[in-house]
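Number of protein chains: 2
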Amino acid sequence: MSVTKQLIVGVDVGGSKINAVLADPDGNIEARSLKDTLAHEGPDAVIGRIIEAISQLISGADVAGIGIGVAGAHDTQRGVITSSPNLPGWHNTPLCDIIQREFNLPTYLQNDCTLAALGEHRFGAGVDVDNLVYVGLGTGIGGGIIADGQVYTGTSGAGGEIGHMIIDVNGPPCKCGSSGCWETYASGTAVAREAVRQMEAGVPTAIRRYAGGDVNKVTAQTVFQAAQDGDYIAHELISRTAYYLGVGLVNLVNIFNPELILIGGGLAKMGSLLLDPAIEVVRERAFEISAKAVRIELAQLGDDVGALGAVALVLQKKCGTDEGE
Amino acid sequence: MSVTKQLIVGVDVGGSKINAVLADPDGNIEARSLKDTLAHEGPDAVIGRIIEAISQLISGADVAGIGIGVAGAHDTQRGVITSSPNLPGWHNTPLCDIIQREFNLPTYLQNDCTLAALGEHRFGAGVDVDNLVYVGLGTGIGGGIIADGQVYTGTSGAGGEIGHMIIDVNGPPCKCGSSGCWETYASGTAVAREAVRQMEAGVPTAIRRYAGGDVNKVTAQTVFQAAQDGDYIAHELISRTAYYLGVGLVNLVNIFNPELILIGGGLAKMGSLLLDPAIEVVRERAFEISAKAVRIELAQLGDDVGALGAVALVLQKKCGTDEGE
Numbered sequence: 010m011s012v013t014k015q016l017i018v019g020v021d022v023g024g025s026k027i028n029a030v031l032a033d034p035d036g037n038i039e040a041r042s043l044k045d046t047l048a049h050e051g052p053d054a055v056i057g058r059i060i061e062a063i064s065q066l067i068s069g070a071d072v073a074g075i076g077i078g079v080a081g082a083h084d085t086q087r088g089v090i091t092s093s094p095n096l097p098g099w100h101n102t103p104l105c106d107i108i109q110r111e112f113n114l115p116t117y118l119q120n121d122c123t124l125a126a127l128g129e130h131r132f133g134a135g136v137d138v139d140n141l142v143y144v145g146l147g148t149g150i151g152g153g154i155i156a157d158g159q160v161y162t163g164t165s166g167a168g169g170e171i172g173h174m175i176i177d178v179n180g181p182p183c184k185c186g187s188s189g190c191w192e193t194y195a196s197g198t199a200v201a202r203e204a205v206r207q208m209e210a211g212v213p214t215a216i217r218r219y220a221g222g223d224v225n226k227v228t229a230q231t232v233f234q235a236a237q238d239g240d241y242i243a244h245e246l247i248s249r250t251a252y253y254l255g256v257g258l259v260n261l262v263n264i265f266n267p268e269l270i271l272i273g274g275g276l277a278k279m280g281s282l283l284l285d286p287a288i289e290v291v292r293e294r295a296f297e298i299s300a301k302a303v304r305i306e307l308a309q310l311g312d313d314v315g316a317l318g319a320v321a322l323v324l325q326k327k328c329g330t331d332e333g334e
Numbered sequence: 010m011s012v013t014k015q016l017i018v019g020v021d022v023g024g025s026k027i028n029a030v031l032a033d034p035d036g037n038i039e040a041r042s043l044k045d046t047l048a049h050e051g052p053d054a055v056i057g058r059i060i061e062a063i064s065q066l067i068s069g070a071d072v073a074g075i076g077i078g079v080a081g082a083h084d085t086q087r088g089v090i091t092s093s094p095n096l097p098g099w100h101n102t103p104l105c106d107i108i109q110r111e112f113n114l115p116t117y118l119q120n121d122c123t124l125a126a127l128g129e130h131r132f133g134a135g136v137d138v139d140n141l142v143y144v145g146l147g148t149g150i151g152g153g154i155i156a157d158g159q160v161y162t163g164t165s166g167a168g169g170e171i172g173h174m175i176i177d178v179n180g181p182p183c184k185c186g187s188s189g190c191w192e193t194y195a196s197g198t199a200v201a202r203e204a205v206r207q208m209e210a211g212v213p214t215a216i217r218r219y220a221g222g223d224v225n226k227v228t229a230q231t232v233f234q235a236a237q238d239g240d241y242i243a244h245e246l247i248s249r250t251a252y253y254l255g256v257g258l259v260n261l262v263n264i265f266n267p268e269l270i271l272i273g274g275g276l277a278k279m280g281s282l283l284l285d286p287a288i289e290v291v292r293e294r295a296f297e298i299s300a301k302a303v304r305i306e307l308a309q310l311g312d313d314v315g316a317l318g319a320v321a322l323v324l325q326k327k328c329g330t331d332e333g334e
């Protein structure tokens with residue numbers, strides 16, 4: 010039986026949710042299992058929930074394979090999660106082997122942002138686009154690269170760490186051990202940090218209200234809510250973030266000369282408030298030929314981008330990239 | 010007749026020299042024509058000299074095609090030199106068409122640093138390396154990318170402009186119109202600029218002697234000579250350059266997770282004095298998995314890297330990348 014008649018399981022293991030889907034090779038979702046990750050319970054409990062979610066989906070279905078996406082650095086050749094910012098306690102966890110043995114189905118693992126690029130390229134905004142960079146703006150900044158129509162992950166599968174481009178050689182420390190990284194300026198964490206700094210300096214802002222007066226509850230989301238409410242400080246914070254977002258995008262445009270950059274992740278919900286000024290920076294500072302060639306847009310697949318990317322990964326591994334499209 | 014029996018012409022049109030070679034498909038140079046570019050005489054005169062050099066080489070030879078490398082931004086699809094820092098007065102010059110019509114041979118054009126990557130990948134330090142970044146350190150910084158065994162140039166052929174990564178968001182203006190670009194910190198121009206700054210501040214240094222007392226004659230080369238002579242200031246200037254070189258390399262390592270980064274161009278002559286401290290920065294600041302995976306070495310093909318890269322371009326275009334190896 011051709012794989013194009015079979016279904017595929019895609020699992021996105023996030024910090025708060027496990028989103029598992031059963032989809033056809035065109036990316037149509039036929040069933041879904043959504044569970045809380047409860048990552049603090051550790052690897053065994055989370056793996057148990059991943060297995061449970063997959064079991065619910067594949068019962069009675071003709072399944073070609075399982076794709077899994079997890080944030081962080083992985084040895085994708087061996088299917089091992091080296092470490093993940095979302096999954097405390099996971100170190101060199103052989104997730105692929107465990108799932109493959111449980112279900113006796115081909116199983117593949119990939120970084121979540123690489124899967125997002127793959128998902129958008131196969132089913133979303135990036136169909137028929139040869140050169141595409143996906144920028145995942147969340148608590149950090151992750152990246153996924155499609156180069157000449159193929160997913161690019163580098164020699165150890167660890168490429169695409171665009172959030173750790175140094176954009177300010179004199180910048181503050183980053184949790185990666187370097188300093189001045191893009192994600193210290195343009196991530197959700199950076200937005201929240203700067204908002205707290207303003208609040209602690211006594212600057213009057215509606216962010217305080219949206220965070221219930223508690224600086225520990227300030228997130229990029231509360232800043233965005235305050236900005237939508239017309240708060241000047243919140244607006245300024247988002248403008249600042251957009252500027253730094255633009256600086257990093259200039260680098261990606263000059264290096265990759267891509268046709269498309271897709272912005273996804275939690276901060277993408279800020280939409281044009283974040284994107285328009287960032288695009289302006291690219292128009293001003295990137296090489297003209299590359300700035301003209303690139304479209305910078307919001308990703309399309311929303312919360313399913315990781316799971317659908319995992320579906321696309323299975324299709325790619327099992328049938329090459331051209332079949333089933 | 011198979012192309013592997015034929016010879017190929019590779020031409021590197023530099024700011025000072027036109028280096029044209031006739032080579033076999035293994036990169037063995039059978040004949041050479043080296044001429045002064047005399048770029049100030051303008052496009053017509055230079056094109057005349059390029060034609061003359063090629064004519065001398067192909068007389069009586071069975072030639073499969075001609076490859077040409079020129080620094081700068083090109084429309085490689087149409088074979089047009091959009092602009093070149095080495096060739097004043099060249100704007101949208103259809104060099105490929107002119108050469109193709111003159112010799113009635115397939116002719117291909119590419120950016121010099123992309124050709125350097127291709128040349129090293131086919132004939133030099135990068136044979137059998139799938140993921141490779143070539144860093145050309147000259148008056149500016151150029152780049153060439155091999156991704157998954159294929160040359161990567163992006164959507165308009167303008168990718169690889171790694172010298173215009175912003176590494177200091179508060180940095181000084183760059184001639185590209187942006188600011189804080191890598192090449193404002195780690196190019197030959199940057200070395201010379203900082204040396205002049207020290208001299209103008211009255212700091213005693215042997216650089217002055219090597220430049221004949223004339224700040225206009227200070228180059229990266231005079232700074233290197235002074236450093237070899239034990240001059241402290243010259244040493245410090247090269248250490249500073251190496252540090253910034255390392256910062257940009259961190260970005261390339263995190264983004265591409267390459268197996269190999271090759272350092273070429275005029276500054277590569279500084280060897281380990283420049284390279285060792287830069288590698289140290291990569292070891293300290295790049296992601297461990299990628300830092301461990303990468304070798305950072307000097308390019309091998311020296312002054313012929315552009316011409317041999319142009320030969321490799323013809324082989325790639327005419328036979329695909331796998332034949333003739």
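Chains as they are written, first to last, in this note's numbering: chain S, 10 to 334; chain E, 10 to 334.
Idealized CB from N, CA, C, for every residue including glycine.
Nearest neighbour of residue i, chosen from the options [CA to CA]
i	options	result
residue 164 of chain S	E:190, E:265, E:274 and E:231	E:265
residue 184 of chain E	E:150, E:160 and E:39	E:150
residue 78 of chain E	E:121, E:173 and E:203	E:121
residue 308 of chain S	S:248, S:102 and S:269	S:269
residue 242 of chain E	E:263, E:201, E:226 and E:258	E:201
residue 43 of chain E	E:24, E:53 and E:49	E:24
residue 279 of chain S	S:324, S:134 and S:231	S:231
residue 82 of chain E	E:227, E:162 and E:38	E:162
residue 284 of chain S	S:22, S:215, S:306 and S:128	S:306
residue 310 of chain S	S:291, S:246 and S:275	S:275
residue 238 of chain S	S:99, S:219 and S:71	S:219
residue 148 of chain S	S:80, S:91, S:48 and S:208	S:80
residue 106 of chain S	S:225, S:84, S:245 and S:223	S:84
residue 236 of chain E	E:223, E:257, E:253 and E:214	E:214
residue 64 of chain S	S:198, S:177, S:173 and S:18	S:18
Close Cβ partners of residue i (< 6 angstroms) along its chain, the five nearest in sequence each way excluded
i	result
residue 109 of chain E	116
residue 36 of chain E	132 and 317
residue 40 of chain S	31 and 66
residue 153 of chain S	122, 123, 125, 126, 143 and 169
Residue i, DSSP secondary structure in three states
i	result
residue 244 of chain E	helix
residue 114 of chain E	coil
residue 28 of chain S	strand
residue 79 of chain E	strand
residue 102 of chain E	strand
residue 41 of chain E	strand
residue 286 of chain S	helix
residue 304 of chain S	strand
residue 318 of chain S	helix
residue 311 of chain S	helix
residue 93 of chain S	coil
residue 16 of chain S	strand
residue 323 of chain S	helix
residue 212 of chain S	coil
residue 295 of chain S	coil
residue 70 of chain S	coil
residue 200 of chain E	helix
residue 178 of chain S	coil
First and last residue of the uninterrupted alpha helix (DSSP H) at residue i
i	result
residue 231 of chain S	229-237
residue 53 of chain S	52-67
residue 218 of chain E	216-219
residue 193 of chain S	192-195
Close beta carbons around residue i, own chain, < 8 angstroms, minus the five adjacent residues each side
i	result
residue 180 of chain E	188, 189, 190, 193 and 194
Spatial neighbours of residue i in its chain, beta-carbon cut-off 7 angstroms, leaving aside the 5 residues before and after
i	result
residue 295 of chain E	259, 262 and 263
residue 114 of chain E	72, 74 and 75
residue 156 of chain S	140
residue 175 of chain S	187, 189 and 190
Proximal chain C residues relative to residue i, where beta-carbon distance stays under 7 angstroms
i	result
residue 161 of chain E	Reference to chain C is not applicable here, since the protein chains of this structure are S and E.
Item to check | Whole beta strand (DSSP E) elements within the segment 116-175 of chain S, 3-residue minimum | outcome: Fully enclosed beta strand (DSSP E) runs of no fewer than 3 residues occupy 116-120, 141-146, 150-156 and 159-161 of the segment 116-175 of chain S, in order along the chain.
Checklist entry - Enumerated in chain order, which unbroken segments of the alpha helix (DSSP H) with a length of 4 residues or greater are wholly contained in the segment 250-281 of chain S? => result For secondary structure counted as the alpha helix (DSSP H) over 4 or more consecutive residues, the segment 250-281 of chain S holds no complete run.
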